[in-house]
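A.B. asks:
2 protein chains.
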Amino acid sequence: MTGRVALIGCGPGDPELLTIKARRLIGEADVVVYDRLVGAPILDLVPAGIARIDVGKAAGRHVRPQAEINDLLVRLAVKGRFVARLKGGDPFVFGRGGEEAEALARHGIAVEIVPGITAAAGCAAALGMPLTHRDLASSVRFVTGHRRDDGELDLDWDGLADPDTTLVFYMGLANLPEIALRLMVAGLPGSTPAAVIVAGTTPDQRVCAGPRAELPARAIRARLEPPALVVVGRVVACASLVETPTSAVEERTDEPSSIALPR
Amino acid sequence: MTGRVALIGCGPGDPELLTIKARRLIGEADVVVYDRLVGAPILDLVPAGIARIDVGKAAGRHVRPQAEINDLLVRLAVKGRFVARLKGGDPFVFGRGGEEAEALARHGIAVEIVPGITAAAGCAAALGMPLTHRDLASSVRFVTGHRRDDGELDLDWDGLADPDTTLVFYMGLANLPEIALRLMVAGLPGSTPAAVIVAGTTPDQRVCAGPRAELPARAIRARLEPPALVVVGRVVACASLVETPTSAVEERTDEPSSIALPR
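Just so you know, the protein sequences line up as chains L and Z, in that order.
Anchor point for the first sequence: position 173 equals 173 in the working numbering, and the numbering is continuous, going up by one each time.
So the mapping is simple: the working numbering equals the position in the second sequence, first residue as 1, plus 263.
#1: So what's Z/C471 in DSSP terms, helix, strand or just coil?
#2: In terms of DSSP beta bridges, what is Z/H396 paired with?
#3: DSSP on Z/G274, reduced to helix/strand/coil?
#4: Under a CB-based cut-off of 9 Å, is Z/K284 close to chain L?
#5: With a 10 Å radius around its C-beta and 16 neighbouring C-beta atoms as the bar for buried, classify Z/I483 as buried or exposed.
#6: May I ask you to report which of helix, strand or coil DSSP gives L/V235?
#7: Please state if the CB of L/R182 and the CB of L/W157 are separated by a distance shorter than 9 Å.
#8: Check whether the Cβ atoms of L/L229 and L/G172 lie closer than 9 Å to each other.
#9: Does the Cβ of L/P15 have 16 or more other Cβ atoms within 10 Å, making it buried, or fewer, making it exposed?
#10: For the candidate residues L/A77, L/K21, L/L45, L/A40, whose alpha-carbon lies nearest to that of L/A101?
#11: Counting only C-beta atoms, is Z/E415 closer than 9 Å to chain L at any point?
#12: Give the range of the alpha helix (DSSP H) segment to which Z/I376 is assigned.
#13: Roughly how far, in whole angstroms, is the beta-carbon of L/E28 from the beta-carbon of L/F82, given that I think they are within contact range, below 8 Å?
#14: Quick one: which unbroken beta strand (DSSP E) runs of 3-plus residues sit fully inside the stretch 280-310 of chain Z? Chain order, please.
#15: Drop a sphere of 10 angstroms on the beta-carbon of L/M129, count the other beta-carbons inside from all chains shown, and report buried for 16 or more, exposed for fewer.
#16: Answer with yes or no whether the minimum CB distance from L/A59 to chain Z is below 9 Å.
#17: Secondary structure at L/G89, three-state DSSP: helix, strand or coil?
#18: Taking the alpha-carbon positions, what's the Z/R486 to Z/G408 distance?
#19: Identify, in the order they occur along the chain, each residue of the same chain with its Cβ nearer than 7 Å to the Cβ of L/L155, setting aside the five sequence neighbours on each side.
#20: Which residue's Cα is closest to the Cα of Z/A330: Z/A449, Z/E375, Z/G360?
#21: Quick check on Z/L460 - is its C-beta less than 9 Å from some C-beta in chain L?
#22: Relative to the alpha-carbon of L/P90, which residue among L/A217, L/G11, L/P226, L/L43 has its alpha-carbon at the smallest distance?
#23: Does Z/G274 come within less than 9 Å of chain L when only Cβ atoms are used?
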């Protein structure tokens with residue numbers, strides 16, 4: 001009897017942002033396969049005695065090739081296991097869930113997809129920054145901020161440089177200087193508000209904001225490190241509408257452009 | 264003592280797609296204010312004895328003006344209540360959550376935003392259709408499919424007609440003929456896969472798929488009704504990778520272009 005696989009989006013980091021369904025399936029799985037972006041508070045929900053396989057790094061060195069992860073999922077399911085494949089964010093937004101689902105379908109293995117809160121939605125909520133707004137943004141666009149082979153970002157920059165659209169670059173920190181430059185060349189005003197959000201929704205959340213033209217230098221001065229989202233658009237000026245009930249005071253670091261917002 | 268408001272995204276319909284945090288706050292609220300798109304299975308989670316205010320329709324006639332909803336939230340919070348403001352999907356993706364958060368912040372009322380599974384992610388998971396894919400779509404774009412005053416869709420159609428981008432039009436059914444035509448004029452091939460998803464993730468889910476050029480006529484023949492998402496892009500061809508564990512057989516209606524996928 002063949003098993004099955006659930007590709008489970010685990011959201012942006014805060015374990016309370018798991019869905020009820022994700023929480024249930026994590027408790028039912030025979031084996032858990034997880035990514036680098038699934039944090040300890042979520043892995044702590046896996047029942048004792050259930051095998052957990054980290055595919056974020058192979059023996060602490062390189063990231064595992066995707067084909068190897070696909071094969072692992074197939075092998076586990078063929079043995080009759082119910083596999084919970086945990087992914088950060090949403091499995092179908094830059095999560096390579098499509099590739100894993102294809103590989104499993106080719107082997108006739110039943111797959112269920114459990115959507116998760118994607119990083120853009122989690123960070124937007126944490127910062128009080130709407131992704132769309134009737135007066136500010138009629139569209140929001142999630143864009144990959146890195147390429148498969150660390151090559152140039154091959155994107156439609158003229159189409160991206162639309163002042164009515166909120167742009168969210170996933171994993172965009174390393175390419176932030178290129179992103180800012182390409183958007184400038186394509187005509188997006190240098191004054192357009194922009195921000196880098198590191199580890200959004202977690203206790204380690206950091207935010208570095210500024211006009212599009214100045215953000216790359218500020219991000220370097222703030223010594224930000226991945227995982228990070230880059231958001232560009234008028235809505236960024238709305239950030240910090242939110243006061244959390246537990247802490248209404250923003251802690252600021254010495255670097256005035258780097259704001260550690262409370263959870 | 265002033266109260267507070269949580270703007271809570273309730274996801275696409277399936278109550279198991281609520282976040283754990285949304286579920287908790289629904290149980291803690293003093294009063295619940297909800298939209299048309301929040302269904303009965305979610306309202307059933309509100310404890311007995313807690314007031315529920317429907318702002319989706321005023322006395323069964325017109326939709327309430329946004330300013331009236333903002334005022335209601337302010338009045339309830341000023342009385343010291345903890346208000347759970349329930350919204351379909353995510354409050355910051357076409358949910359007008361930004362406007363409500365602004366109004367509350369102007370009155371000094373603490374606001375918390377709880378992100379939800381946006382309809383695009385919920386429908387993509389239900390259909391086994393990734394929103395991004397390394398080979399098919401480097402970007403996904405959420406676009407409003409209707410305008411404030413039912414006027415023309417004032418969008419950057421040339422920017423939208425990018426074959427490397429998945430387009431998701433929220434509330435796009437009424438304007439589907441215009442959307443398909445504008446994308447044609449902007450150069451998007453007529454063969455580009457497209458779909459309308461009605462009531463995604465709920466027992467009433469219906470899907471109508473076809474090439475971009477033929478979808479408007481098929482949607483009319485299938486007599487689809489809102490709420491609906493329109494998705495356009497290569498990834499739509501991946502739909503139905505998913506076999507749900509409970510029902511692996513697709514039920515087809517008489518209309519071959521309208522597929523009722525199992526939940």
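Idealized CB from N, CA, C, for every residue including glycine.
C.D. replies: According to the structure data:
#1: In the structure shown, Z/C471 falls within a strand segment according to DSSP collapsed to helix, strand and coil.
#2: Secondary-structure assignment with DSSP links Z/H396 through a beta bridge to Z/A400.
#3: Note: Z/G274 maps to strand in three-state DSSP.
#4: It does; some Cβ of chain L falls within 9 Å.
#5: Exposed, because fewer than 16 other Cβ atoms sit within 10 Å of the Cβ of Z/I483.
#6: Here L/V235 sits in helix by DSSP.
#7: Yes, these two residues count as a Cβ contact at 9 Å.
#8: Yes.
#9: Here L/P15 is buried: its Cβ has 16 or more other Cβ atoms, across all protein chains shown, within 10 Å.
#10: If we check each option's Cα against that of L/A101, L/A77 comes out closest.
#11: With its beta carbon at least 9 Å from every one in chain L, Z/E415 lies outside the interface.
#12: If you look at Z/I376, you'll find it isn't in any alpha helix (DSSP H); it sits in the beta strand (DSSP E) that goes 373-377.
#13: The pair is a contact, with the Cβ atoms about 7 Å apart (cut-off 8 Å).
#14: Listed in chain order, the complete beta strand (DSSP E) runs (minimum 3 residues) inside the stretch 280-310 of chain Z are 294-297.
#15: Looking at its Cβ environment, which holds 16 or more other Cβ atoms inside 10 Å, L/M129 is buried.
#16: Unreliable placement is indicated for L/A59, whose pLDDT of 46 sits below 50; the coordinate value is still reported in the next sentence. Taking Cβ atoms only, chain Z never reaches closer than 9 Å to L/A59, which makes this a no.
#17: Three-state DSSP puts L/G89 in a strand.
#18: Spanning the two alpha carbons is a distance of roughly 18 Å.
#19: The beta carbon of L/L155 sits closer than 7 Å to the beta carbons of V143 from its chain, once the five residues preceding and following it are set aside; these are given in chain order.
#20: Comparing Cα-Cα distances from Z/A330 to each of Z/A449, Z/E375, Z/G360, the minimum goes to Z/G360.
#21: The question names Leu, yet the displayed sequence has Ile at residue 460 of chain Z. For Z/I460, no Cβ of chain L is located within less than 9 Å of the residue's own Cβ.
#22: Reading the sequence as shown, one finds Asp at residue 90 of chain L and not Pro. The option with the nearest alpha carbon to L/D90 is L/G11.
#23: True, the Cβ-Cβ gap to chain L drops below 9 Å.
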